[in-house]
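K.L.:
For the sequence shown, this note's numbering begins at -2 and goes up steadily by one.
In this text, a Cβ means the ideal position worked out from N, Cα and C, and glycines have one as well.
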Amino acid sequence: MTDLDLTAVVIPEDAQPDSPATAPQLRECLRLEEAHNHAVWGNTDRCGTFGEALYYWRGNSYFERLLFLASKNGMPVGSCSVEFSLKDNLDTAWINVLVAEDHRRRGIGRRLLQTAEEMAADRGRRIFQGFCEEPAESADGPGEMLHAKSGSGSLPLAVPSSIFARRAGYSLEQVETSSRLALPVPEELLGKLESGALEHAAGYSLVGWEGSCPEEFVAPYAELRGRMSTDAPTAGLELEKVNWDTDRVREEEQTWVKSGVEALVSAALHNSTGRLAAYTVLSYRQTKPHVVFQEDTLVAFGHRGHRLGMLVKIANIRRAQEAWPAARSVLTWNASENRHMLAINTSLGFKPSGFEGEWQKRLDDPLYGT
Ligand SMILES: CC(C)(COP(=O)(O)OP(=O)(O)OC[C@H]1O[C@@H](n2cnc3c(N)ncnc32)[C@H](O)[C@@H]1OP(=O)(O)O)[C@@H](O)C(=O)NCCC(=O)NCCS
């Protein structure tokens, strides 16, 4: 296929989210993503804002991120991206491919994936990972399911993303369940869950902040952030520990502010040691007023079994309802084998909305290329 043009998305250093002329190719990539989301979900709740994309795709000292717009005869038909962590996971590349609905089944997806894989291999990366979400309804009906190698969760075998990924040599390592919580959550339910949980949580107290972590907690918070990469289930996905320090926490906070993202953090403090034992983060964009994203939630090993996951989540939901009264939903994603987290979410009222396949291909797999 020779008539496909691939243009690297360039984000000028001085690009501003509110300037209409800024990064036109990036806007086209977002339009493609929004059209795909409309077609699959009937809304763009899962899409980030232009401001976020601007700072995300610019990359930083921890991640290099490359995004390409594919066009045919001057018309955008797809996009692909490849992301490299620069401090850890140096063998891994994260790849994403999207083809506009009217242009599918013409080999564009395969070509974009090959291009992204070649770029990753040129950088010495030998593990490729990609994530793709399908709505819960896609599993309705008699079709065969593909079970994740984790042993928990499955995806319909016949959806285009499953066929495409398997055909390209990827295996389904893990399935995440995506869920939605309708807001507001009745205070009666939160109060009942809270009083049950408090009976198990003697010796801990709750703290919280908006945006910037108080200086007294930033070092222990950075330590907990690092544990998210080791203490949460990742099945057969080859993922190394991500090292967090106070600079990385501050860098993320500053990026959130520049991109128009507000964040609420609730955490549990272990009173006798002064260490942070658990945290949860919710994020919000004023330009997408109806939706809140559940970011990380973690209870560190050694502090589990004290209902801290439930307590930090209840505290953060209450704060979110007060800070963002227009919000109508919280969206979250959890590994299907993460029974404890899913049980907490179910008690709070989260309902499953979809499944995300976590695909992986290793260049040194003996079956690769056969
Ligand atoms: C998955 C996706 C990228 C495929 O793009 P595409 O341009 O249609 O794919 P191609 O035409 O290059 O197809 C490559 C192979 O994938 C398989 N495939 C892709 N879509 C398929 C479908 N709807 N039905 C059956 N097989 C399909 C086929 O094996 C095909 O090879 P073939 O035509 O020789 O049989 C596209 O459907 C898409 O953008 N979906 C939404 C986002 C997504 O799922 N991204 C992938 C993340 S894992």
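From the DSSP output, read off the bridge partner residues of G48.
P.N.:
G48 is not bridged to any residue.
K.L.:
Once DSSP output is grouped into helix, strand and coil, what is the label at Q13?
P.N.:
In the three-state DSSP reduction, Q13 falls in the coil class, being neither helix nor strand.
K.L.:
DSSP has R282 in a bridge; who is on the other side?
P.N.:
According to the DSSP secondary-structure assignment, R282 is paired through a beta bridge with V258.
K.L.:
Is the closest heavy atom of ligand 1 to the C-beta of F47 under 7 Å?
P.N.:
no
K.L.:
Looking at R177 and K310, is the spacing between their C-beta atoms short of 8 Å?
P.N.:
No, Cβ-Cβ distance for K310 and R177 is not below 8 Å.
K.L.:
Should R316 be listed as close to ligand 1, given that the test is whether its C-beta is under 7 Å from any heavy atom?
P.N.:
With a threshold of 7 Å, the Cβ atom of R316 does not count as near ligand 1, since no heavy atom of the ligand is closer than that.
K.L.:
Report all residues from its chain with a CB closer than 6 Å to the CB of R304; omit the five preceding and five following residues, and keep chain order.
P.N.:
A194, H197, A198
K.L.:
Does at least one heavy atom of ligand 1 sit under 7 Å from the Cβ of F125?
P.N.:
no
K.L.:
Is the segment 324 to 344 close to the segment 275 to 295, with three or more CB pairs under 8 Å?
P.N.:
yes
K.L.:
By the three-class DSSP mapping on this structure, what secondary structure does Y53 have?
P.N.:
In the structure shown, Y53 sits in a helix (DSSP, three-state: H, G or I).
K.L.:
Once the 5 residues before and after I335 are set aside, which same chain residues still bring their CB inside 8 Å of it?
P.N.:
The question names Ile, yet the displayed sequence has Asn at residue 335. Around N335: A229, P230.
K.L.:
Measure the alpha-carbon distance for V262 versus V172 and round it to whole angstroms.
P.N.:
26 Å
K.L.:
Could you tell me whether the Cβ atoms of L308 and L154 are closer together than 8 Å?
P.N.:
Not closer than 8 Å, so no.
K.L.:
Quick check: the segment 136 to 152 against the segment 257 to 274, are there 3 or more CB pairs under 8 Å?
P.N.:
Using a Cβ-Cβ distance cut-off of 8 Å, the segment 136 to 152 and the segment 257 to 274 are not in contact, since fewer than three pairs of beta carbons, one from each stretch, lie closer than that value.
K.L.:
Give the C-beta separation of E259 and G208 to the nearest angstrom, bearing in mind that I take them to be a contact with Cβ-Cβ under 8 Å.
P.N.:
7 Å
K.L.:
Within 8 Å (strictly less), CB to CB, does E248 reach chain B?
P.N.:
Of the chains in the structure shown, none is chain B; there is only one protein chain.
K.L.:
Assess, as a yes-or-no matter, whether the segment 130 to 148 is touched by the segment 160 to 174 under the definition of 3 or more beta carbon pairs within less than 8 Å.
P.N.:
yes
K.L.:
Kindly list the residues whose CB is nearer than 7 Å to the CB of G351, restricted to its own chain and excluding five residues on each side of it in sequence; keep chain order.
P.N.:
For G351, same chain residues with a beta-carbon under 7 Å away, outside a window of 5 residues either side, are E130, E131, P132, A133, S175 in chain order.
K.L.:
Does DSSP put T231 in a helix, in a strand, or in coil?
P.N.:
coil
K.L.:
Just to confirm, does C26 get its C-beta within under 7 Å of one of the non-hydrogen atoms of ligand 1?
P.N.:
no
K.L.:
Spatial neighbours of Q13 within its chain, please: C-beta separation below 7 Å, excluding the five flanking residues on both sides.
P.N.:
T19
K.L.:
Over the uninterrupted beta strand (DSSP E) stretch that includes A90, give me the two end residues.
P.N.:
Looking at the DSSP string, the run of the beta strand (DSSP E) that includes A90 is 89 to 96.
K.L.:
Can you give me the Cβ contacts of P286 inside the same chain, cut-off strictly under 6 Å, excluding the 5 residues immediately before and after it?
P.N.:
A323
K.L.:
Going by the CB atoms, is the gap between V246 and R224 shorter than 8 Å?
P.N.:
no
K.L.:
Here's a check: name, in chain order, each residue in its chain whose Cβ is nearer than 8 Å to the Cβ of T367, leaving out the five neighbours to either side.
P.N.:
Low per-residue confidence applies at T367: pLDDT is 49, beneath 50, and the placement is therefore not dependable enough to give any value.
K.L.:
Output the residue ranges of the beta strand (DSSP E) runs that lie fully inside the segment 99 to 136 and measure 3 residues or longer, sorted by chain position.
P.N.:
124 to 132
K.L.:
Residue ranges of each beta strand (DSSP E) run of no fewer than 3 residues wholly in the segment 187 to 252, ordered along the chain?
P.N.:
201 to 207
K.L.:
What residues does ligand 1 have around it, judged by CB closer than 5 Å to any heavy atom, in chain order?
P.N.:
V94, L95, V96, R101, R102, G104, I105, G106, R107, G127, C129, P157, S158, I160, F161, A162, R164
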